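Going by UniProt numbering, the first residue of the sequence shown is number 1, and it counts up by one from there. This report concerns only the one structure given below.
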Amino acid sequence: MSTLTANKRESERERNLTSLSFSPLFNFSFFSTPDLFEQWPRSLHPLAGPSRKKVAEPQNGQSTDKAVSNGSSSGVTANGNGHVKNTADLAIYEQFQNQDRSSAPHSNGVLSDRHDQTPQKSLLPAFESAEMRSLAESLARDIVRGNPDVKWESIKGLENAKRLLKEAVVMPIKYPKYFTGLLSPWKGILLFGPPGTGKTMLAKAVATECKTTFFNISASSVVSKWRGDSEKLVKVLFELARHHAPSTIFIDEIDAIISQRGEGRSEHEASRRLKTELLIQMDGLTRTSELVFVLAATNLPWELDAAMLRRLEKRILVPLPEPEARRSMFEELLPLEPDEEKLPYDLLVERTEGYSGSDIRLVCKEAAMQPLRRLMSFLEDKEERVPEDELPKVGPIKHEDIEAALKNTRPSAHLQAHRYEKFNADYGSQILQ
C-alpha cells in the first residue's frame, strides 16, 4: 500500500471518528497491539463476572441466566440481541469511575501530590456537551502532569526571579489572608529571557513549592485543525484548571500562540479567534478568587501582543547566569574525585561569560566526552568485543579536555542580551528595596 493511500485512509478514519462524537453511536475497535491504544480516548478491559451478569440483564431489570454472563468473558457479547449499547454504557461508567478514584497514582500522575492526601476529586468537571467532554479528556490525558518535583535550590542563581515568583504566586497560596483586596495575587506572570536560562525550571519549581496541579502547555496543545476547536480547547483548559485549583497553567513559547495583531500583519481567522478566547479567559481569572495562575515563557517578548502583555501583570527577566551561578553549575556537573587533579573552575567561569545554563551543560558534557573518546579509540583497536565486566574505567577530565570543550562550544544567545535588557527596562518588574 502506498504512503499516500495510507494517509488518505488515516484521514478518513479520523473524520469518521470525529463525526461519531456528535452522534449517539459507539465505535468499538479491537487491538492486538497495545501501542495503538494511545490513539483512542477510551480503552475497555474485560469485565469481572458480576459486571458481566449485570450487562447481560435486559433494560427492564428482569433476571438473566447465569450462563450468559459466564459465557461473555469479553464484557461485550457478540450475540447481545440489541444490548451492545447497554454493555458500553456500563463498561464506560465502571471503567472511568475507577479511573477517577485512582487516577493520580498510575495514570502518568495526572493529579498532584496535594490530591493524594485528600478525597479524590473527579478528573473532569461536568461538561454538558459531549464534544467538550471529549476535548477535556484529550487535554487531561496529554497535558495535565503530576507534581514536577523541582526544588528552588536545584536552580542556580536567578535570585531576583525566584523572589518575584515567590511573592507573586507562592506566598498568596501559603498565606491567603494577606493577599486580599488591592493585594489580591497576580494571575498572569511572564518569564522572558534568552533560551536555556531556566524559565521552564522556574515554572516547575513554583508548581512544586505550591503543590499545585501543573498544566504544561505549548502551541500544539491548543491548536487544532478542526474549525472552532482551538478556542474550545482554550476554554476547556481553563475549566480544567479551575476544577483542579490551585493550579498552574504554564504556557511555553507563548509568542507562538499570541503574537502581535494588526499593523498590516496577515492573520488567519482561526488564529484571531484563538487569541481572543485566550485573552477572555485571562480576564476571567482576574475577576475571581480562584487560585489559578498563568505562567508564560518566551524568548521573544517584543513579539507579544500588547493586550496579552497587560494581562501578564508581572514580567520577570530570567537573565544569563552570573559568575557565582556559573561556578556552582560547573562544580555540580563536573565534581572532583579524591584522586583527580583540580579542575580550573576559575578559568571556566571567566571563559563562559555570556553562556546560558544550557550552554554550560553542553561545555561540561563535551569535556566529559574527551576521556571517553580516548577510551573508545583504545577499544576500537581490539579485534573482539571486550566483555562488560572487563571494560576499563573512564579516565579523569584533564585541563586540555576543558580547553577543547570551550573551543568547541560557543554561546547561543549572548548577541541579543541587550534587547532583553531594554525590554526589561521598558516593561519588566523589579524588586523595590
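Positions of the beta carbon are idealized from the N, C-alpha and C atoms, including for glycine. Being a predicted model, the structure only gives us computed values, none of them experimental.
Looking only at C-alpha atoms, which of the options sits nearest to residue i?
i, options, result
"Y427", "Q370, K174 and E313", "E313"
"G354", "E137, G196 and A307", "G196"
"D252", "E400, L300, N160 and G357", "L300"
"H243", "L291, A205, M201 and I254", "L291"
"V349", "P396, E403, A306 and A417", "E403"
"L183", "E383, D346, T286 and E400", "T286"
"S218", "I254, E390 and H268", "I254"
"G357", "S412, R227, P344 and N408", "S412"
"R227", "L274, A368, L165 and R315", "L274"
"Q260", "D346, D305, L164 and R385", "D305"
"G153", "E167, F179, M171 and A205", "First, the amino acid is wrong: residue 153 is Glu here, not Gly. If we check each option's Cα against that of E153, A205 comes out closest."
"T288", "S377, E239 and A417", "E239"
"L165", "D229, R315 and F214", "R315"
"T213", "A241, M201 and M376", "A241"
Buried or exposed: which applies to residue i, given that a residue is buried once 16 or more other Cβ atoms fall within 10 Å of its Cβ?
i, result
"D149", "exposed"
"Q430", "exposed"
"G157", "buried"
"G82", "Confidence is the limiting factor: at G82 the pLDDT is only 40, short of 50, which leaves the residue's position unreliable, though a coordinate-based value still follows. Answer is exposed; the Cβ neighbour count stays below 16."
"R311", "buried"
"E277", "buried"
"I280", "exposed"
"P34", "Low local confidence applies: a pLDDT of 48 at P34 is under 50, so the model's placement there is unreliable, with the coordinate-based value given in what follows. By the neighbour-count rule (16 or more Cβ atoms within 10 Å), P34 is not buried but exposed."
"K177", "exposed"
"D381", "exposed"
"R272", "exposed"
"S247", "buried"
"V169", "buried"
"A425", "exposed"
"E231", "buried"
"V234", "buried"
"P172", "buried"
"D389", "exposed"
Taking the beta strand (DSSP E) that residue i falls in, what are its first and last residues?
i, result
"V318", "Looking at the DSSP string, V318 is not in any beta strand (DSSP E), and its letter there is neither H nor E."
"L190", "G188 to F192"
"V214", "Checking the sequence, you will find Phe at residue 214 rather than Val. Segment T213 to I217, the beta strand (DSSP E) holding F214."
"I251", "S247 to I251"
Identify, in the order they occur along the chain, each residue of the same chain with its Cβ nearer than 6 Å to the Cβ of residue i, setting aside the five sequence neighbours on each side.
i, result
"F250", "A203, N216 and L295"
"M308", "I258"
"C364", "L333 and L334"
"A367", "I397, D401, I402 and A405"
"E303", "D255 and S259"
In the DSSP assignment, the alpha helix (DSSP H) including residue i goes from what residue to what residue?
i, result
"G357", "G357 to E380"
"A405", "H399 to N408"
"residue 434", "The structure shown does not extend to residue 434, since the chain is modelled only from 1 to 433, so the question has no answer here."
"F179", "Neither: F179 is in no alpha helix (DSSP H) and is coded neither H nor E."
"K422", "A417 to Y427"
"T276", "E269 to T286"
"I173", "M171 to K174"
"K204", "K199 to C210"
"D229", "D229 to H243"
"K156", "K156 -> no alpha helix (DSSP H), and no H or E assigned at all."
Might you give, ordered along the chain, the residues of its own chain that have their beta carbon closer than 8 Å to the beta carbon of residue i, omitting 5 neighbours on each side?
i, result
"S21", "With a pLDDT of 48 at S21, under the threshold of 50, the modelled position of that residue is not reliable, and no figure is offered here."
"I360", "P321, R326, M329, F330, L333 and T352"
"V236", "F127, M132, L135, A136 and L139"
"residue 438", "The structure shown has nothing for residue 438, since the chain only spans 1 to 433."
"K174", "C210"
"L336", "K342 and L343"
With a threshold of 7 Å on Cβ separation, who are the neighbours of residue i within its own chain once the five nearest residues in sequence on each side are excluded?
i, result
"L372", "V394"
"G193", "K199, L317, V318, P319 and Y420"
"T208", "N147, P148, D149, V150 and K151"
"A345", "Note on identity: in this sequence residue 345 is Tyr, with Ala being the wrong assignment. Result list for Y345: R327, F330 and E331, in chain order."
"T409", "D359, L362, V363 and E366"
Against chain D, with Cβ distances strictly below 7 Å, would residue i count as a contact?
i, result
"D252", "The structure shown contains no chain D, having only a single protein chain."
Return yes when at least one heavy atom of the ligand FAD lies under 6 Å from the C-beta of residue i, else no.
i, result
"V292", "No copy of the ligand FAD occurs in the structure displayed, which carries no ligand at all."
Exercise. Are three or more beta carbon pairs between the segment 220-237 and the segment 319-336 nearer than 8 Å?
Worked result: With the cut-off at 8 Å, the segment 220-237 and the segment 319-336 do not touch.
For this session: Could you tell me whether the segment 181-200 touches the segment 283-302, using the rule of 3 or more Cβ pairs below 8 Å?
Result: Result yes; three or more Cβ-Cβ pairs closer than 8 Å.
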